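Contents: one structure, followed by commentary.
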DNA sequence: TATAATTGTCTACATCATTATACAAATTCG
DNA sequence: CGAATTTGTATAATGATGTAGACAATTATA
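Chains as they are written, first to last, in the working numbering: chain A, 534 to 782; chain B, 534 to 782.
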């Protein structure tokens, strides 16, 4: 489980198949540096012994990771680690999507998937300090780094205050730039709540994930410097590709 | 998936069984307030229809949550939500375990499970700024709130600098108090990296989780105010019981 | 070139997960 | 009370997951 220590064991009858648990652990081992890039994984028989399962079960796990582009298997040679460590996504009071990934990815962009005006749910209304049922603009966006999806966000704005912001965002491709048109030159992350869960079908599709994947979820409220709520947002990050780095202050 | 919206769908052949996916989603619905405490869940048949599965599959999901103490099923009446929202664990530069959960739990404590002196893995050595293989003290602890496990931490200290700290911690039950004996009156969280994965067998046992559960993982380096590394720690939180709240500053 | 090590494929079987029906038991309500 | 609603139990069938063993194909190496 940790560093050089013995591989952790595996749970049966858990609702999570053994091959997926093993795939999770291999992924984790890679992420913490137990296997370097281009290094060979232990042979299937050794892995099977270590985890106490049949060789075919290990093969299923490896097949999933090969499908995922994490490993490459070569007959007669071995199985090799392809993918680098996870992207480290900085998160702090002033995090903007376009910043922060510098040096880790050469090309970054945010894609607007959908926008709609609708009555606020209780949760959104509370976050924005509006009456429940007030109209809000909902934006669904996907963040990409080097062509690979790394985030999937649902954001809500007060429809009255920010009428037409979806057009501005579609045009400029930037939330920050669009907010300037509404007189907001700066904003802060007021609060962030973090959780994790299995990705649902929609996020699996949008983030190009294999089924059963885990997403990290942040729920944040962005405010003006004087504390007025601007945006309520829920963002899902694929846990296998992204880690969140809390900035030291 | 979000607020009042339609229930998200379910993935087959994912390595995660349908009943577990449904249990995850019900838990999430409770956490975001779709079902209040003591409220009745929709009847099994309605849930089965909503998720597009057989009633028995829904029953498996409910059985797992009943086992977990989240729901209570009553024949002829319905199935009811027992548990409150997740514990919200504040996390910031100065977070101490004993602080922060005030008002959410009446009784909080930290239990030392194991301590050992061992050579540092590469990961730990880098975190503490030591040579790889230097001796470090490893402490395994569990945090509890109202008798329920809410965290499971592995922490490492430089064995030379903090010789005997495990005895002090066993005695006082407090990392903060023990550090004072070594002349450390204050320390800060320098960096925190966040990820998520399926709990391994050891954490399932220590955290009293059902198999297949997800853990939030923080990896942090604590330093003195002048930047000297003191402790390297990996903490696992059960995602179904805990969310992490990043403090706004 | 032989041999060992490793991944790829195949078959057979056991166990778990899911569906499909049917009916029993408890509760609520007209 | 009697009907409707809801959870509990039972049984059978099917598909997905995991185990077991055998052997082929490819690569590295003595």
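Glycine included, every Cβ here is placed at the ideal spot set by N, Cα and C.
Being a predicted model, the structure only gives us computed values, none of them experimental.
| query | result |
| --- | --- |
| Buried or exposed for residue 705 of chain A, going by 16 or more other Cβ atoms inside 10 Å? | exposed |
| Find the residues of chain B that neighbour residue 683 of chain A, judging by a C-beta separation of less than 9 Å, and give them in chain order. | Within chain B, no residue comes near residue 683 of chain A; the closest Cβ sits about 14 Å away, beyond 9 Å. |
| What separation, rounded to the nearest whole angstrom, lies between the Cα atoms of residue 710 of chain A and residue 702 of chain A? | 8 Å |
| Would a C-beta distance cut-off of 7 Å place residue 776 of chain A and residue 728 of chain B closer than the cut-off? | yes |
| Whether or not the stretch 711-723 of chain A and the stretch 675-685 of chain A are in contact is what I'm after, with contact meaning three or more pairs of Cβ atoms, one per stretch, closer than 8 Å; do they touch? | no |
| Give me, in chain order, the residues of the same chain whose beta-carbon lies closer than 7 Å to that of residue 606 of chain A; leave out the 5 immediate sequence neighbours on both sides. | 595, 599, 612 |
| In whole angstroms, what is the alpha-carbon distance linking residue 562 of chain A and residue 616 of chain A? | 12 Å |
| Nearest to residue 669 of chain A by CA position, among A/676, A/661, A/686, A/651, is which residue? | A/651 |
| Within the continuous alpha helix (DSSP H) that includes residue 596 of chain A, where are the two ends? | 588-600 |
| Could you check the C-alpha separation between residue 731 of chain B and residue 678 of chain A for me, to the nearest Å? | 25 Å |
| Put residue 743 of chain B into one of helix, strand or coil per three-state DSSP. | coil |
| Does the separation of the CB atoms of residue 565 of chain B and residue 656 of chain A fall below 7 Å? | yes |
| How about residue 673 of chain A: is its Cβ closer than 6 Å to a heavy atom in the ligand SAH? | Of ligands this structure carries none, so the ligand SAH is not represented either. |
| I'd like the span of the alpha helix (DSSP H) that includes residue 730 of chain A, first residue to last. | Element bounds for residue 730 of chain A: not the alpha helix (DSSP H) but the beta strand (DSSP E), 721-731. |
| Using the Cβ count rule (16 or more neighbours within 10 Å means buried), how would you classify residue 608 of chain A? | exposed |
| For residue 566 of chain B, go through chain A and note every residue whose CB falls closer than 7 Å to its CB, in chain order. | 655, 656 |
| Please report how far the alpha carbon of residue 590 of chain B lies from the alpha carbon of residue 551 of chain B, in whole angstroms. | 7 Å |
| Count the other CB atoms, across all protein chains shown, that sit within 10 Å of the CB of residue 772 of chain B; report buried if there are 16 or more and exposed otherwise. | buried |
| What are the boundary residues of the alpha helix (DSSP H) that includes residue 710 of chain A? | 708-714 |
| Within the 7 Å Cβ cut-off, does residue 563 of chain B reach chain A? | no |
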